[in-house]
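Beneath this line is the structure, given in structure tokens, with notes to follow.
Protein chains: 2
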Amino acid sequence: MNGKISRQGRQVLAVLSEQRIHLTAEEIVRRLPDVGQATVYRSLEQLERMGQIRKLNLGQRSAYYEYARENHMHFVCERCRQVIDVACDVTGVAREAGALFGHRVDRVGVTAGGLCAACIAQEKKEQQ
Amino acid sequence: MNGKISRQGRQVLAVLSEQRIHLTAEEIVRRLPDVGQATVYRSLEQLERMGQIRKLNLGQRSAYYEYARENHMHFVCERCRQVIDVACDVTGVAREAGALFGHRVDRVGVTAGGLCAACIAQEKKEQQ
DNA sequence: AAATAAAATGAGAATCATTCCTGATGTTGC
DNA sequence: GCAACATCAGGAATGATTCTCATTTTATTT
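Respectively, the protein sequence lines represent chains A and B. Under this note's numbering, the letters of the first sequence match residues 293 to 420, in that order. Under this note's numbering, the letters of the second sequence match residues 293 to 420, in that order.
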């Protein structure tokens, strides 16, 4: 449990590292027919604790998971519901803000909402 | 539905504006015995669309809701699970980052995780 | 104000992501 | 190889949120 990743855990991590996008637990389960659903959830939890992956709570029904890489913002289009990665790291600012109150900030997530470029174009077209 | 807030909606908003903290839908339902649960959820959704309140997806079981005021960061202590408001507004940075890709950023939320000041002190005490 | 139309409510059922439970299976140290 | 232990798969349970629909409230018209 400490540092050791099981075969199933490695499979889960592999899926997330290959597909370089956010996946739901359900999508990962579907991609790994030989791994039980409960095990996928347990592996995701463990991998998150180990810092290998990140769990994204974007207000969708289910959580998304992604392979841990450079920190970035998650932009959710309120029209097409698509989740788009946008380079934007505010970890430093957030850490300092927390430190002012004596907290130790380990993890910072930025979630944004609005209209994506494609939907802006789409809406403009429809209005004419 | 447009701009108009029902009596029940106003009650929900009142609870959130009085208690200047994050509340779960369930806690709001409990504070309003005469308002049905489904109506509380509907009102929360409407008030969020209108920008009067914000929905917080912090990875806890249930979502939190708060009265909309100055934008700030939500710090979740990984030990005591407490949610702490920290002054830290990165809306401008996030909006510019999104604009680089043509997206229109309307809403920005920062969620941080780590150890709160109280838990840092607690852990230090326990180690001695 | 009465009559009609339209929208919002409440109670409970349905949904569905996630967690829990249990027996089975695999792994490790000896 | 075997006992001791951890991990697994599958299914059941949980619990937040959403849906349904009969009823009530609110708005509109006359």
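Yeah, the Cβ is synthetic: ideal placement off N, Cα and C, and Gly gets one too.
With residue 390(A) as the anchor, note down where its alpha helix (DSSP H) starts and where it stops.
Indexing the first sequence from 1 puts residue 390(A) at position 98. Unbroken alpha helix (DSSP H) run through residue 390(A): 383 to 391.
Answer yes if the stretch 303 to 316 of chain A comes into contact with the stretch 334 to 354 of chain A, meaning at least three C-beta pairs across the two stretches below 8 Å, and no otherwise.
Segments in contact, yes.
Cβ of residue 365(A) within 7 Å of Cβ of residue 402(A)?
The count along the first sequence starts at 1 and reaches residue 365(A) at position 73. The count along the first sequence starts at 1 and reaches residue 402(A) at position 110. Yes; because the gap between Cβ atoms is below 7 Å, this pair is in contact.
Going by beta-carbon coordinates alone, are residue 376(B) and residue 359(B) separated by less than 7 Å?
On the second sequence, residue 376(B) is found 84 positions in, with the first residue counted as 1. On the second sequence, residue 359(B) is found 67 positions in, with the first residue counted as 1. The answer is no: Cβ separation not under 7 Å.
Is the CB of residue 366(A) under 7 Å away from at least one CB in chain B?
Translated into positions along the first sequence, residue 366(A) becomes position 74. Residue 366(A) does not count as touching chain B.
In whole angstroms, what is the alpha-carbon distance linking residue 381(B) and residue 397(B)?
If you number the second sequence from 1, residue 381(B) lands on position 89. If you number the second sequence from 1, residue 397(B) lands on position 105. Near 14 Å, if we compare the C-alpha coordinates of residue 397(B) and residue 381(B).
Using a Cβ cut-off of 8 Å, pull out every chain B residue sitting near residue 372(A), in sequence order please.
The count along the first sequence starts at 1 and reaches residue 372(A) at position 80. Within 8 Å Cβ-Cβ: nothing; residue 372(A) doesn't reach chain B, min ~11 Å.
For residue 398(A) and chain B, any beta-carbon pair shorter than 7 Å?
As a working mapping, residue 398(A) is identified with position 106 in the first sequence. Yes, residue 398(A) counts as interfacial toward chain B.
Which parts of the stretch 315 to 398 of chain B are runs of the alpha helix (DSSP H), unbroken and 4 residues or longer, counting only runs that do not cross its ends?
Entirely contained in the stretch 315 to 398 of chain B, the alpha helix (DSSP H) runs reaching 4 residues are, in chain order, 317 to 323, 329 to 341 and 383 to 391.
Decide yes or no for the touch test of the stretch 347 to 361 of chain B against the stretch 384 to 395 of chain B: beta carbon pairs closer than 8 Å, at least 3 of them.
As far as the Cβ criterion goes, the stretch 347 to 361 of chain B does not touch the stretch 384 to 395 of chain B, which means the pair count is below three.
Interface residues of chain A around residue 349(B) at Cβ under 7 Å?
In the second sequence, counting from the first residue as 1, residue 349(B) sits at position 57. Within chain A, the residues near residue 349(B) are 349, 350 and 351.
Pull up the distance between the alpha-carbon of residue 361(B) and that of residue 327(B), whole angstroms please.
Here residue 361(B) refers to the residue found at position 69 of the second sequence. Here residue 327(B) refers to the residue found at position 35 of the second sequence. Answer to the nearest angstrom: the Cα atoms are 25 Å apart.
Determine which residues share a DSSP beta bridge with residue 402(B) and list them.
Numbered from 1 along the second sequence, position 110 holds the residue referred to as residue 402(B). Looking at the DSSP assignment, residue 402(B) forms a beta bridge with 402(A) and 365(B).
Could you spell out the range, first to last residue, of the alpha helix (DSSP H) harbouring residue 411(A)?
Position 119 of the first sequence, counted from the start, is the residue given in the question as residue 411(A). 409 to 418 is the extent of the alpha helix (DSSP H) around residue 411(A).
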